[in-house]
Structure formats: C-alpha cells, structure tokens
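For reference, the structure discussed in these notes is given below.
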Amino acid sequence: MARLKTNLYDVSKCTACRGCLVACKDSNQLPAVMEPFKGNYATHEDTNGNTYTLIRFIEHEDPVDGVRWNFLKYQCMHCLDAECMKVCPKKAYTKTEWGATIHDEAKCIGCQYCTYACPFGIPKYRKHTDTVTKCTLCVERVEEGLKPACARTCPSGALSFGFRDELMQQAEERVKFLRANGFPRATIYGKVELGGTNKIYVLTDTPDKFDLPVDPKVSANTWVWQDWIRPYAGWLIPVALGASAVSFVTNRLINKGDDHAKGGHE
Amino acid sequence: MRWIPEYQPDVERVERFNAVARITHWGHTVTFLLCLFTGLILFLGGVDWLAAIFGGHRGAGLVHRIAAVGMTLMLVFGLLFGFKGYIAWIKDIFRFGMNDIKFLSIFPLDFFGVKMKIAPQTRFNGGEKMNSVVLMTMVSLLVLSGYIMWFPSIFPAGLVRFSYPTHDLAMIFSTLMVCMHGFLGSLHLGSGESFWGMWKGTVRADWAKHHHAIWYEETYGDKAKAE
C-alpha cells in the first residue's frame, strides 16, 4: 500500500467559520440545504445527501471549567477498515491506494445498508439521485496533486493535508503542547479507533465532549450478518432444493409402476 | 411419469382446509415468493437480471414493500376471519408427542421414497408441525424486522442494525422450509394428495385415514359420526 494521505483536523485552531462546509459544497457542486433553526448554531443537524461535512457546536457545562463550547468538523472518517464497504451489496465502495473510502454512485442502488452500518452514521440517502452520498476526501483533487477543498480553504490552519504518518507525529506533538497549556485531557482521535481512520482529529477534551463515540466498535450484528450469514447460511436453500430434486427422482424410481404412485398409500 | 396425484372427485373425500385457510395460505404463497425474489437481489448481490424482471432495483424495492404489506394484510385477514382455525392449528402443534418423534426419525428415508411404517399422526404430522413452528416464527420475524428497517427513524439504531441479520436469517430458514413444504405438498409422491387439500379443500378419505389416522378418527371416524 502506498503511503496513506489524510486530513488532520485540529479542534484547538478551529474558529467554526464553516468555510470548509462552503468550500465542500462548492467543490462538489452541492446545492444549499436550508434547515430550520433549532436552538443550535449548527447549520445542519447531521450530514445529508447534499451536505458532506458540517461543523457541530457542542455545549456542555463542567463544574470546574464552566461552560465549554466545542466545535467539531464532522464528515466521513474514511475508516481504514470500513464498515460501509463490508455491507454494501453492490460493492459500490472502494478504497484508494492512499486510504480514501470512495463511493461509486453509478453502482449505488440506494438500499442504505451503509447508513445503518456506519459507526458514525455518515452516508446519507439523496432522493433525487436515488443514491447514498458522502465525503470523497476530494479524491479527484488529491489525485491531481491538490489538497481537499476543506483543507485548501481553512483560514485558521485547523485543517491540513499530507501523509498520515507525518501528520500523526504533528498531532502527537500538538497534543503534548495542548496538555501542557490548559487542556490536560487533549487527545488524538482516529489513531486507534476502529483500527485507525484516515482522518485524524486533535481534540482539546475527551471524545465524548465532542459527541464522538468514545470507543466505536463494529457492531456484532454486522459481522454475524456479513461474515457468517451471507456467505454460509444461504447454502441451506440450494441444499433443500437439491434434496427435493433427488427425492423427486428416487421416489419415482423406487416406486416405479407401483400403486404408490396413485398418491400416497403404501 | 406422474407429477402430482390426480384429483379424484368420484371417491369419498373429506374436508381438510376451509376457504379462509386456503385464501390465507395462497395469499401468503404469492406475497412470500414476491418478497423472496425481490429480496434475493440484495442478498445475492450480483443478480442484476433478477432486478431487471421487476423494473430495476427501485422497482424491485417497490414490489418488495407492496408484497410485504400484502403479506401483513393476509396475516390480518387470517386472524380476523379464521381466528378459530389459527387456534386449532396452534393447539395441534402442541400435541407434539412420541408419534411425531417417531415420524421425524424415519422421515428422511420416507422422503426419498423408501416405504416406511408410519405411526398414526394427528391433523399435522411431525414434519408439518416443525414446518408450522418455523414458518410462524420466521414470518413474524420477517414482518417485524422488515417494518423496523422500513421506518428506521422511529426505532432505536441498535434495533435497526439487529434487524438486518435477523431479516436475512429468517429469510433463509423460512425459504428452506418453503422449499421442502412446496415439494412435499405437491410433487412428493406419498404426500402429494395433500395438495388437493389446500387447493380444493378436500382430500381422499383413504389417504387421510392412512396419513393422519388420529385426525381422521377424531373428525370423521365412527365416534365423531355418532356424536
């Protein structure tokens, strides 16, 4: 595998300007999605078919620190071992050499298996194309040597793009710095979670303070379904059909010219 | 070569299934098969030709949902107009006893055409009892998990995730049973007469006596006649 290229998102530098959201919409030619105000600064409650990324505003009260207002850029995490890829019946998901999980809309049939398998609930159904959509990590831009639109536009330097191993080092240094400078619970997210994700977050607090799953796990439902039921259990049906076919023949051979053939009494 | 036993109107026949039972049965047959073939498109993955029959994946999805509602309506219809029949059916299943175990233990040989002496059976023999239990459970699971996946926003996410493998597994076990049931209830020589029980409602009295001795005695035997 080639060296993984990834996004590093440093929460401590994010001003929640939402420039990334606009750049993403612009680059992917996605129309605006207006949502009513629900008492939260966020423009959207969650990702949707025409919104691949958004900034979340998470408020929480801490007895020591007082009220904290956390921002979080939310989008596909490009898991290195992606659930969406496993459940997709049309194999519409693929991994690029450098680690982006991309989704082929031409293959997608809109069944939304991925929506419910994703530990982050990212892929979303888009009605007018009858497909699911999600962040592409700007695969077309990156393969032309450019940065993803969100990283390109970020004015505060919260988003950067580069090789995963290099960015991981930067992230570790940044976490060390933050821990020494007023954020004792600062941490990296995406290094070990789900076997590593191809998006790295530097958080100023524990993941739960950002509404992120603390220890995301692949649901047992998913692996029982994909690794056991789908490949093996389905064979019971052809076995039943085969046994019936054999029985059809042997019944008529054994009872040839017999009264039995009249339909059932020996 | 004989496919299914001929229908013999001129011999003594006894009623096996009333109209409500038959309508419910065939209603379930049609809706189940529609759901099965449209559902297999996603289960198997690479069968675009199967999707094409239903007008593509979207059309198949629509047929799947319409048939699923139809199946639910058949359940409601059966319970509404044949509630007593359902109770009688369930009661008979719970008469599972030594004779049913004997039946099941020698059944594999009988299945392939070897002549076996079969212990007297109630209205439903050991195999039919098993078929009934499995199908009742699996169809209920299919209906429940199906609606949960259809309307995921009103159910907890964990339940929605659990519904996917449940739906698949219930499909596999019910289809397994439907395959065996479909074969035994028609093309299998020994039990083929039972097809007419579900199609026309009656079976030959001598067949009933031979295959369901206990049921025949209780329902049409001398004692029952005397009452």
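Protein sequences appear in the order of chains A and B. Everything in the first sequence is counted per the numbering used here, starting at 1 for the first residue and increasing by one. Everything in the second sequence is counted per the numbering used here, starting at 1001 for the first residue and increasing by one. The C-beta atom is built at its ideal place from N, Cα and C for all residues, glycine as well.
| Asked | Found |
| --- | --- |
| Contacts of A/Phe248 in chain B (Cβ-Cβ under 8 Å) | Phe1183, Leu1187 and His1188 |
| B/Tyr1216 - DSSP class collapsed to helix/strand/coil | helix |
| 8 Å contact criterion, which A/Asn221 and B/Tyr1164 should meet: CB distance rounded | 6 Å |
| Short CB-CB distance (under 8 Å) between A/Asn48 and chain B | no |
| Collapsed DSSP secondary structure at B/Ser1145 in the structure displayed | helix |
| Assigned exposure category for A/Gly263 - 16 Cβ within 10 Å defines buried | Because the pLDDT at A/Gly263 is just 47, under 50, the model does not fix this residue reliably, and the value given afterwards should be weighed accordingly. It is buried - the Cβ of A/Gly263 has at least 16 other Cβ atoms within 10 Å. |
| Nearest to A/Gly234 (by Cα), restricted to the options B/Ser1174, B/Thr1219 and B/Ala1051 | B/Ser1174 |
| CB contact check: B/Gly1078 to chain A, cutoff 8 Å | no |
| CA-to-CA distance, B/Asp1168 to A/Ile229, given in whole angstroms | 7 Å |
| Contact set for B/His1057: own chain, Cβ-Cβ below 6 Å, skip 5 residues either direction | Ala1051 |
| Per-residue burial, A/Asp81 [other beta carbons within 10 Å of its own, 16 or more giving buried] | exposed |
| Chain B within 8 Å of A/Ala233, Cβ atoms only | yes |
| Buried versus exposed call for A/Glu266 [16 or more other C-beta atoms within 10 Å across all chains shown] | Low per-residue confidence applies at A/Glu266: pLDDT is 40, beneath 50, and the placement is therefore not dependable, though the value from the model is reported in the following sentence. The residue in question, A/Glu266, is exposed, as its Cβ has fewer than 16 Cβ neighbours within 10 Å. |
| Which of helix, strand or coil DSSP assigns to B/Glu1181 | It is His, not Glu, that sits at residue 1181 of chain B in the sequence shown. In this structure, B/His1181 counts as helix in the three-state DSSP scheme. |
| Closer than 7 Å at the beta carbon, the chain B residues around A/Arg126 | Within chain B, no residue comes near A/Arg126; the closest Cβ sits about 14 Å away, beyond 7 Å. |
| Element boundaries [alpha helix (DSSP H), containing B/Arg1022] | Ala1019 to Leu1044 |
| B/Ile1214 and B/Thr1122 closer than 8 Å at C-beta | yes |
| Length of the line joining the Cα atoms of A/Gly182 and A/Ile55 | 23 Å |
| Stretch-stretch touch, CB-based, cutoff 8 Å, three pairs: the stretch 1059-1075 of chain B with the stretch 1022-1039 of chain B | yes |
| Alpha-carbon to alpha-carbon, A/Leu236 and B/Phe1083 | 33 Å |
| Neighbourhood of A/Ala261 by C-beta, 7 Å cutoff - its chain only, sequence neighbours within 5 removed | Residue placement at A/Ala261 cannot be trusted, given a pLDDT of 45 that sits under 50; what the coordinates show is reported in the next sentence. If we look at A/Ala261 and ignore the five residues flanking it on each side, its Cβ neighbours are Asn255. |
| Cβ-based burial, B/Ile1154 [other Cβ within 10 Å; buried from 16] | exposed |
| The stretch 84-94 of chain A / the stretch 53-73 of chain A touching (three or more Cβ pairs under 8 Å) | no |
| Per-residue contacts from B/Pro1165 into chain A (C-beta, under 7 Å) | Asn221, Val224, Trp225 and Ile229 |
| Element boundaries [alpha helix (DSSP H), containing B/Phe1111] | Met1098 to Phe1111 |
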